[in-house]
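Residue numbers (the numbering used here): 705 to 773.
C-beta: ideal position from N, C-alpha, C; glycine also.
Worksheet: one structure, shown below.
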């Protein structure tokens, strides 16, 4: 993931670009805000699943749950 977030930088002694190890053309056109929003949404989803699993293990009903366990 860290390689996607790196930006090209100029050499101090020349005009050529420094690329990542994969050295392909820069095709990452997704805005940073969209990437951040997706990460936050995935984190929330995982957190909700972990909470529900924990509540099931402890025998407590999840908030908003309508099932009679």
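### Message
If you reduce the DSSP assignment to three classes, tell me which class residue 764 lands in.
### Response
Assignment of residue 764 by DSSP, reduced to helix, strand and coil, places it in the coil class.
### Task
Would you kindly work out how many angstroms separate the C-alpha atoms of residue 752 and residue 741, rounded to a whole number?
Residue 752 and residue 741 have their C-alpha atoms roughly 17 Å apart.
### Query
CB-CB under 8 Å to residue 762, same chain, minus the five flanking residues each way: which ones, in chain order?
For residue 762, where only same-chain residues beyond five positions count, there are no Cβ hits under 8 Å.
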